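Trainee: Questions regarding the structure given below will be posed in turn.
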Amino acid sequence: LAHLDPLSSQLRTALLQNGLEVFHGAAAAAGDHRDGDGVRHTQRPDLNHGREDGGQMRVFVYDTTLRDGAQCEGVSFSCQDKLDILSKLDSFGADFVEGGWPGSNPRDDEFFSRAAGMGLRNSILTAFGSTRRFGVRPEDDANLRALAGCPAEWCCIFGKSWDFQVTDALGIRLEDNIAMVEDSVAFLVSRGKRVMFDAEHFFDGWRSNREYALSVLEAAERGGAEWVVLCDTNGGSLPRTVAEGCRDAM
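Residues 1451 to 1700 (our numbering) make up the sequence shown, in order.
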């Protein structure tokens, strides 16, 4: 936080409460370039090697201050606030910054439009969303269309990986959810996006139905997701369970 001074107290609150996510990844920053609109393009991550040449694990920071952090009590960012915070996070060196949910409100749409011309030096701006709705084709889904039309090169979409959530929360068949994950990712990839998939409730799902939870990850991979994020959505998994689930998924 010392690197982010001077920032408002509401940003400090957002960062301290739930703004930062840290995970291991393999997105190489070397050799990146920007097009004429200032949009950053990185080399395709090498998903098979999470270590640098010296053998040391590279930790990437995926910052969610501008979305999750904005949900903290007493926090309400204007579009200019979000642009200022993005600039600070870029200076701080956050690898990825999740900017919000395109199409959810005019403020986020304006933010993504203005952020595209900022010429970020260190951070990659990411748009957030979900898989398509059941019974709606990807190309007809308002959420996916907004993501496809967003200036951000990277999109992070979430989908269910716990069989209980699929059958009881969504009220659909397990195979329907698999199709929703795969074709949602594939749609965004076909529109030139680079995709991360958030496997919602992964560790609960893995304990409940290992084969199904892993099949959701495989569906995202078939669709073209470059990174798969294993989410402990309820926050109740112990470190040993997380370690075992991650090893199994890999």
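Built from N, CA and C at the ideal position, the CB exists for glycine as well. Bear in mind the structure is a predicted one, so any value in this text is a computation, not a measurement.
Secondary structure at D1682, three-state DSSP: helix, strand or coil?
Mentor: The count along the sequence shown starts at 1 and reaches residue 1682 at position 232. Coil at D1682, not helix or strand.
Trainee: Which class does E1548 belong to by DSSP, given the choice of helix, strand or coil?
Mentor: The sequence position of residue 1548 within the sequence shown is 98, counting from 1. In the structure shown, E1548 sits in a strand (DSSP, three-state: E or B).
Trainee: Along the chain, where does the alpha helix (DSSP H) that runs through C1600 open and close?
Mentor: Here residue 1600 is taken as the residue at index 150 of the sequence shown, counted from 1. Careful: C1600 lies outside any alpha helix (DSSP H) and carries neither H nor E.
Trainee: Just confirm the distance between the C-beta atoms of N1593 and G1609, as a whole number of angstroms; I'd bet it's less than 8 Å.
Mentor: As a first step, residue 1593 must be located in the sequence shown, where it is residue number 143. As a first step, residue 1609 must be located in the sequence shown, where it is residue number 159. 12 Å between Cβ atoms; not a contact.
Trainee: Scan the stretch 1504-1542 and note each continuous alpha helix (DSSP H) run of 4 residues or more that stays entirely inside, going in chain order.
Mentor: Correct list: 1529-1542.
Trainee: Could you name the residues that DSSP lists as bridge partners for A1649?
Mentor: Position 199 of the sequence shown holds residue 1649. Answer by DSSP bridge pairing, in chain order: G1609, L1680.
Trainee: Could you check whether the stretch 1604-1623 touches the stretch 1556-1569, counting it as contact only if at least three pairs of C-beta atoms, one from each stretch, sit closer than 8 Å?
Mentor: Touching, no, given that fewer than three Cβ pairs across the two stretches are closer than 8 Å.
Trainee: Under three-state DSSP, which class holds T1576?
Mentor: The count along the sequence shown starts at 1 and reaches residue 1576 at position 126. Three-state DSSP puts T1576 in a strand.
Trainee: Determine which residues share a DSSP beta bridge with R1644 and list them.
Mentor: Residue mapping note: residue 1644 aligns to position 194 of the sequence shown, counting from 1. Answer is W1604, bridged to R1644.
Trainee: Sorted by chain position, which residues of the same chain lie with C-beta nearer than 6 Å to D1545's C-beta, five sequence neighbours on each side aside?
Mentor: Position 95 of the sequence shown holds residue 1545. Result list for D1545: F1510, V1511, in chain order.
Trainee: Going by other Cβ atoms of all chains shown within 10 Å of its Cβ, with 16 needed for buried, is E1661 buried or exposed?
Mentor: Locating residue 1661 in the sequence shown gives position 211, counting from the first residue. With fewer than 16 other Cβ atoms within 10 Å, it is exposed.
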